[in-house]
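Enquirer: Below you will find the structure I want to go over with you.
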Amino acid sequence: MGAATTLGGDMMRRAFAGAMASAIMGSLLLGGARAPQKPHAPDERFAVIVRGLGGDPTFERRFAEWTERLCALLIERWRFRPERVFVLTPDGRGCSPNASRATAEAVRRVFERLRGESTPESLILVFLLGHGSFDGERGYFNLVGPDLSAEDFRALLSPIKARHVVFVNTASSSGAFLPVLSRPGTIVITATRSGREQQATIFAQYLLEAFTDARADADKDGRTSLAEAFAFAAKLTAEHYAQQGILATEHPLLDDDGDGEVGEQDGRLARAVYLEAPVEIGEEDEEVRALLRQRQALLEKIEAVKARKAEMKPEEYERELERWLVELAQLTERINARRKKP
Numbered sequence: 012m013g014a015a016t017t018l019g020g021d022m023m024r025r026a027f028a029g030a031m032a033s034a035i036m037g038s039l040l041l042g043g044a045r046a047p048q049k050p051h052a053p054d055e056r057f058a059v060i061v062r063g064l065g066g067d068p069t070f071e072r073r074f075a076e077w078t079e080r081l082c083a084l085l086i087e088r089w090r091f092r093p094e095r096v097f098v099l100t101p102d103g104r105g106c107s108p109n110a111s112r113a114t115a116e117a118v119r120r121v122f123e124r125l126r127g128e129s130t131p132e133s134l135i136l137v138f139l140l141g142h143g144s145f146d147g148e149r150g151y152f153n154l155v156g157p158d159l160s161a162e163d164f165r166a167l168l169s170p171i172k173a174r175h176v177v178f179v180n181t182a183s184s185s186g187a188f189l190p191v192l193s194r195p196g197t198i199v200i201t202a203t204r205s206g207r208e209q210q211a212t213i214f215a216q217y218l219l220e221a222f223t224d225a226r227a228d229a230d231k232d233g234r235t236s237l238a239e240a241f242a243f244a245a246k247l248t249a250e251h252y253a254q255q256g257i258l259a260t261e262h263p264l265l266d267d268d269g270d271g272e273v274g275e276q277d278g279r280l281a282r283a284v285y286l287e288a289p290v291e292i293g294e295e296d297e298e299v300r301a302l303l304r305q306r307q308a309l310l311e312k313i314e315a316v317k318a319r320k321a322e323m324k325p326e327e328y329e330r331e332l333e334r335w336l337v338e339l340a341q342l343t344e345r346i347n348a349r350r351k352k353p
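Residue numbers (this note's numbering): 12 to 353.
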């Protein structure tokens, strides 16, 4: 019996070694650890999707498909409330009651609403899909009619109250937006590293894919942070050009420390921010809801251990992290088993 128990323990340790290594590597690659962030309440989460003009049928279809995928993620997977989702497209049609044409004036109206409806605890996601341009000094996002510059978006965001702003510009020349929009509490993600990378981009495809591909969950905690999604998408973007045998014309960037420059400190906030709803939202089974709350508490313990990594001895860190990862796996198994019951 003792031998069997030892064997089982060894097998479990081996099973979680990969997950633990991923967690450690994720901390190193994504700028270290950060204290866990309190989940945003459903009423405090807002999203603005802006799809610009494609310019030709191929890009029109591509941008429309990406918009539909993002809408599905927001409403079905992350459970954003439809009335908190604003969709601006060239034809004015979208997946929420707040759909309108993608004009500069319509964008301004949306941000005026956000100014009145958001609170200091809000999460605001702004996601741009389309083409951009750069005049040598300023970056622009192409709309129906006059375009909006990075400085225009900064002015629109400045008076808005929010705990976190996530600004994702997947357009060409989007790198010009990063230094302009960077500020504390804001995560800025761009498809290019400067305004001078002006070719059409593919980064959005892989970023959206990251939120449905289990491989993006680097620390294997069952959910994908913004930092994990970015790292996964940036890797696949680079591989796309390598497989085509052509020079990469886009190099995605992430800034979240407010200094307007990409460096080793970036990624800490993005590691702690998730777009999904609080775990129990939409769950009808009371027992599952209770288990999900326990799971959330475990995830926060895991994040707390990562936050203390620099203060701990390597063996102590690995032992403590493995302890919670094992408990997390066991709890996840209980949740899955309960959900399978009729």
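Here a beta-carbon is modelled for each residue, glycine too, at the ideal position from N, C-alpha and C.
Could you name the residues of the same chain whose beta carbon sits closer than 6 Å to that of Y252, not counting the 5 residues immediately before and after it, in chain order?
Expert: Hits under 6 Å: A259.
Enquirer: Give me the DSSP bridge partner(s) of F97.
Expert: In the DSSP output, where bridge partners are listed per residue, F97 has V59 and N109.
Enquirer: So, does the region 169-176 touch the region 86-97, judging by three or more C-beta pairs under 8 Å?
Expert: Touching, no.
Enquirer: Among the candidates E333, E220, A113 and A238, whose CA atom is the shortest distance from the CA of E275?
Expert: With distances taken between Cα atoms, E275 lies closest to A238.
Enquirer: Residues bridged to G150 by DSSP?
Expert: Note: G150 sits in a beta bridge opposite F145.
Enquirer: Assuming T235 and A221 make a contact with CB atoms under 8 Å, what is their CB distance in whole Å?
Expert: Yes, T235 and A221 are in contact; Cβ-Cβ is about 6 Å, under 8 Å.
Enquirer: Do I198 and V337 count as a contact pair if the criterion is CB distance below 8 Å?
Expert: Not closer than 8 Å, so no.
Enquirer: Report yes if the CB atom of M191 is closer than 8 Å to the CB atom of L139, and no otherwise.
Expert: Reading off the sequence shown, one finds Val at residue 191, where the question assumed Met. It is not a contact, given that the beta carbons lie outside the stated cut-off.
Enquirer: Might you give, ordered along the chain, the residues of its own chain that have their beta carbon closer than 6 Å to the beta carbon of S107, omitting 5 neighbours on each side?
Expert: P93, V96 and V98, listed in sequence order.
Enquirer: S111 and E55: beta carbons closer than 8 Å?
Expert: Their beta carbons are not under 8 Å apart, which means S111 does not touch E55 by this criterion.
Enquirer: Alpha carbon to alpha carbon, how far is A281 from I313? Give it in angstroms, no decimals.
Expert: Going from the Cα of I313 to the Cα of A281 covers about 16 Å.
Enquirer: Figure out for me which residue from R319, A340, R279 and D277 has the closest Cα to the Cα of Q307.
Expert: Minimum Cα distance to Q307 is reached at A340.
Enquirer: To the nearest angstrom, how far is it from the Cα of E261 to the Cα of G143?
Expert: Their backbone Cα atoms lie some 13 Å apart in a straight line.
Enquirer: By a C-beta neighbour count over all protein chains shown, 10 Å radius and 16 as the cutoff for buried, is A14 buried or exposed?
Expert: Because the pLDDT at A14 is just 44, under 50, the model does not fix this residue reliably, and the value given afterwards should be weighed accordingly. By the neighbour-count rule (16 or more Cβ atoms within 10 Å), A14 is not buried but exposed.
Enquirer: Taking DSSP's pairing of strands, which residues face D139 in a bridge?
Expert: First, the residue type needs correcting, since residue 139 is Leu and not Asp in the sequence shown. Bridge partners of L139: V61 and N180.
Enquirer: Pick helix, strand or coil for T69, following the three-state DSSP scheme.
Expert: Helix, per DSSP.
Enquirer: Whole angstroms are fine: how far does the CA of E327 sit from the CA of E128?
Expert: If I take the Cα positions, the gap works out to 46 Å.
Enquirer: For I200, which beta-bridge partners are listed by DSSP?
Expert: BP columns for I200 point to V179 and L265.
Enquirer: Can the beta-carbon of F152 be found closer than 8 Å to that of G206?
Expert: No. Outside cutoff.
Enquirer: Report yes if the C-beta distance between G186 and L264 is below 8 Å; otherwise report no.
Expert: Yes, Cβ-Cβ distance for G186 and L264 is below 8 Å.
Enquirer: Out of T130, P131 and C82, point me to the one whose CA is closest to A109's CA.
Expert: In the sequence under discussion, the amino acid at residue 109 is Asn, which differs from the Ala named in the question. Ranking the options by Cα distance to N109, first place goes to C82.
Enquirer: Just list the residues that DSSP pairs L310 with in beta bridges.
Expert: None, per the DSSP bridge assignment.
Enquirer: Quick one, are the C-beta atoms of A117 and F91 less than 8 Å apart?
Expert: No. Outside cutoff.
Enquirer: Among P325, A301, E331 and L303, which residue has its Cα nearest to the Cα of A315?
Expert: Of the candidates P325, A301, E331 and L303, the one whose C-alpha sits nearest the C-alpha of A315 is E331.
Enquirer: Taking the C-alpha atoms as reference points, what is the distance between R279 and D67?
Expert: Distance between the alpha carbons of R279 and D67: 39 Å.
Enquirer: Spell out the partners DSSP gives L159 in its beta bridges.
Expert: In the DSSP output, where bridge partners are listed per residue, L159 has F152.
Enquirer: How long is the line joining the alpha carbons of R149 and A161, rounded to whole angstroms?
Expert: So the alpha carbons of these two residues sit roughly 7 Å apart.
Enquirer: Beta-carbon of T343 versus every beta-carbon of chain B: anything under 8 Å?
Expert: Of the protein chains in the structure, only one exists, and it is not chain B.
Enquirer: Leaving out five residues before and five after A245 in sequence, what residues of the same chain have Cβ atoms less than 6 Å from its Cβ?
Expert: Answer for A245: P263, listed in chain order.
Enquirer: Quick one: residues in its chain with C-beta nearer than 6 Å to the C-beta of V273, no 5 flanking neighbours on either side, listed in chain order?
Expert: L264 and D266.
Enquirer: Express the C-alpha separation of T223 and I86 in angstroms, rounding to a whole number.
Expert: Rounded to whole angstroms, I86 to T223 spans 14 Å at the Cα level.
Enquirer: Thinking C-alpha only, which one of Q216, E333 and I200 is nearest E79?
Expert: Measuring from the Cα of E79, the nearest candidate turns out to be Q216.
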